[in-house]
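Sequences listed follow chains X and L, in order.
Numbers 5 to 188, taken from this note's numbering, label the letters of the first sequence in order.
Numbers 5 to 188, taken from this note's numbering, label the letters of the second sequence in order.
There are 2 protein chains.
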Amino acid sequence: MMKAFKYCPYCGGTVEYKHIPDDTQLRHVCTQCESVHYLNPKIVTGVLPIFEDKVLLAKRAIEPCKGLWNVPAGYMENGETIEDGAQRELVEEANATVTNIRPHLIYSLDKINQVYVLFLGDLVGPTFSNGIESLDVQLFAEDEIPWKELAFTSSAVCIKRYYENKDSQAGQVFLDRYYFDKKE
Amino acid sequence: MMKAFKYCPYCGGTVEYKHIPDDTQLRHVCTQCESVHYLNPKIVTGVLPIFEDKVLLAKRAIEPCKGLWNVPAGYMENGETIEDGAQRELVEEANATVTNIRPHLIYSLDKINQVYVLFLGDLVGPTFSNGIESLDVQLFAEDEIPWKELAFTSSAVCIKRYYENKDSQAGQVFLDRYYFDKKE
């Protein structure tokens, strides 16, 4: 999560957190060059690769949640489309590619300023291997999913929604969120 | 669009743009506190309100594209879900609310590091009026859309996709992008 700004990244001046005209929220404003620094949520983009009704998951080699399984995903970068970002992450984590990439889940984590936008895609091959960020990569059938060893709720929701709805028509998308206040 | 960082917003130290371990891209790294500053795309969220097959558009009171019409939308803020952000923007621009909000269009502008995530919703009322960022707010039937006075391509694609597909089932979503290299 991004920390508050104390200094202006453009001129090095001191930043104040204050009201500005015609805005409903407090903003970080430079006292020297008057730049306004807007802090916004980050997009996590990824794709759940499908092969003969199995899904491809990667075991994380890095923190957080090192050693747990997840849907290949990561922060979207500047200069790419969201679907290209999902495919880049799939290469980095699983050395795999997909065709027919389609939106699947839009999932807000408002308490930590993230939005997951996850896709489905048809795994090419099936060809995959450990990427630099993964300890293992495997295809799982529905009854083999390691539910108790998933890294993130976004992965669990993504997989659950796929199996619940795999027989419905293409193009379906889910709008979901994590309720941080919910007792589980 | 976010400019490059020259100073660390946390400690005020000088920032270098360089390689860091296990990363494929150059990053802004503080030479003093070693913080890595990731610059990522911003989400623009909005909703196209529907009433009896008309769509609600707002005429912009602010730059860029002041005086042109658009789908009520704006930057998603920290601390909100993406669908709540869309509804907040609708209140700010058109004093309107929707029910049955559903994903409609995911639209990347990779050259300017933005992703539009636009929803459809059923306009309540119909009740609407000028918000602080709008000169006018109106319902338009398909043959009344001011195509040549639309502010952004995202608005044009959003409206076009709605009318092309309004008779198909709910849950359909489009994955689209603006091709900056394309000659129009």
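The beta carbon of each residue, even a glycine, is placed where N, CA and C say it ideally should be.
{"Query": "The alpha helix (DSSP H) with CYS162/X in it runs from where to where?", "Result": "157-169"}
{"Query": "Determine the DSSP secondary structure at GLN118/X, reduced to helix, strand or coil.", "Result": "strand"}
{"Query": "Quick check on the DSSP output: the alpha helix (DSSP H) that includes LEU94/X runs from which residue to which?", "Result": "86-98"}
{"Query": "Using 8 Å as the cut-off, can you tell me whether the stretch 18-31 of chain X makes contact with the stretch 59-75 of chain X, which would need three or more C-beta pairs spanning the two stretches below that distance?", "Result": "no"}
{"Query": "Exposed or buried, which one is TYR42/X when buried takes at least 16 other CB atoms within 10 Å?", "Result": "exposed"}
{"Query": "I want to verify the contact list: residues of chain C whose CB lies under 8 Å from the CB of ASN117/X, in sequence order.", "Result": "Included in the structure are the protein chains X and L, with no chain C among them."}
{"Query": "Assuming PRO107/X and ILE105/L form a contact by the criterion Cβ under 8 Å, report the distance between their Cβ atoms to the nearest whole angstrom.", "Result": "Going by Cβ atoms, the distance from PRO107/X to ILE105/L rounds to 16 Å, so no, they are not a contact pair."}
{"Query": "By Cβ distance below 7 Å, which residues in the same chain neighbour ALA98/L in space, the five residues on each side in sequence not counted?", "Result": "LEU60, ALA62, PRO76, PHE132, GLY135, SER138, VAL141"}
{"Query": "Distance, Cα to Cα, LEU94/L vs LEU124/L?", "Result": "12 Å"}
{"Query": "So, helix, strand or coil for GLU188/X, using DSSP?", "Result": "Confidence is the limiting factor: at GLU188/X the pLDDT is only 40, short of 50, which leaves the residue's position unreliable and the question unanswerable from this model."}
{"Query": "Exposed or buried, what is VAL102/L when buried is set at 16 or more other beta-carbons lying within 10 Å of its beta-carbon?", "Result": "buried"}
{"Query": "Is it the case that the Cβ atoms of ALA100/X and VAL51/X are separated by a distance below 7 Å?", "Result": "no"}
{"Query": "Note down, in chain order, each residue of its chain lying with its Cβ closer than 7 Å to the Cβ of SER1/X, except the 5 sequence neighbours on either side.", "Result": "Outside the modelled stretch of chain X, which goes from 5 to 188, sits residue 1/X, for which no answer is possible."}
{"Query": "In the DSSP assignment, the beta strand (DSSP E) including GLN36/X goes from what residue to what residue?", "Result": "From DSSP, GLN36/X is part of no beta strand (DSSP E); its letter is neither H nor E."}
{"Query": "To the nearest angstrom, how far is the alpha carbon of ASP126/L from that of GLY16/L?", "Result": "48 Å"}
{"Query": "Going along chain L, which residues have a C-beta under 7 Å from VAL121/X?", "Result": "ILE110"}
{"Query": "Quick one: what does DSSP say ASP126/X is sitting in, helix, strand or coil?", "Result": "strand"}
{"Query": "For a cutoff of 7 Å on Cβ pairs, would you count ASP43/L as touching chain X?", "Result": "Before going on, a small fix: residue 43/L reads as Leu here, not Asp. Yes, LEU43/L counts as interfacial toward chain X."}
{"Query": "Check each candidate in SER172/L, VAL19/L, ASP57/L, ASN44/L and name the one with the smallest Cα separation from PRO130/L.", "Result": "ASP57/L"}
{"Query": "Have a look at VAL119/X and PHE9/L and give me their C-alpha separation to the nearest angstrom.", "Result": "24 Å"}
{"Query": "Taking only the alpha-carbon atoms, compute the straight-line gap between ILE149/L and LYS170/L and give it to the nearest angstrom.", "Result": "16 Å"}
{"Query": "Any idea if LYS187/X is buried or exposed, counting beta-carbon neighbours within 10 angstroms, 16 or more meaning buried?", "Result": "Confidence in LYS187/X is poor, its pLDDT being 47 and thus under 50, which makes the residue's placement too unreliable to answer from."}
{"Query": "Are the CB atoms of VAL121/L and THR49/L within a distance shorter than 7 Å?", "Result": "yes"}
{"Query": "Are the C-beta of GLY78/L and some C-beta of chain X separated by less than 7 Å?", "Result": "no"}
{"Query": "My output table needs one value for ASP57/X: the three-state DSSP class, helix, strand or coil.", "Result": "coil"}
{"Query": "My guess is that LYS7/L and ASN117/L are in contact by the Cβ rule of under 8 Å, so how many angstroms apart are they, rounded?", "Result": "Going by Cβ atoms, the distance from LYS7/L to ASN117/L rounds to 11 Å, so no, they are not a contact pair."}
{"Query": "So ILE86/L and SER112/X are supposed to be a Cβ contact under 8 Å. How far apart are they, rounded?", "Result": "5 Å"}
{"Query": "Assign ASP180/X to one of two classes, buried (16 or more other C-beta atoms within 10 Å of its C-beta) or exposed (fewer than that).", "Result": "buried"}
{"Query": "Under 8 Å Cβ to Cβ from TRP151/L, same chain only, skipping five residues before and after it: list those, please.", "Result": "ALA160"}
{"Query": "On the three-state DSSP scale, how would you describe GLU20/X?", "Result": "strand"}
{"Query": "Starting from GLN142/L and walking both ways along the beta strand (DSSP E), at which residues does that stretch end?", "Result": "138-144"}
{"Query": "Going along chain L, which residues have a C-beta under 7 Å from ILE54/X?", "Result": "The premise fails here: ILE54/X is roughly 17 Å from chain L at the closest Cβ pair, so nothing lies under 7 Å."}
{"Query": "Using the beta-carbon count (16 or more within 10 Å), is VAL177/L buried or exposed?", "Result": "buried"}
{"Query": "Under 8 Å between beta-carbons, which chain X residues line up against ILE136/L? List them in chain order, please.", "Result": "ASP26"}
{"Query": "Which same chain residues, not among the five before or five after TYR166/L, have their C-beta less than 8 Å away from its C-beta?", "Result": "LEU52, ILE54, VAL59, HIS108, LEU124"}
{"Query": "Taking any Cβ of chain X, which residues in the stretch 7-24 of chain L have a Cβ under 8 Å from it, in chain order?", "Result": "LYS7, PHE9, LYS10, TYR11, CYS12, PRO13, TYR14, CYS15, GLY16, VAL19"}
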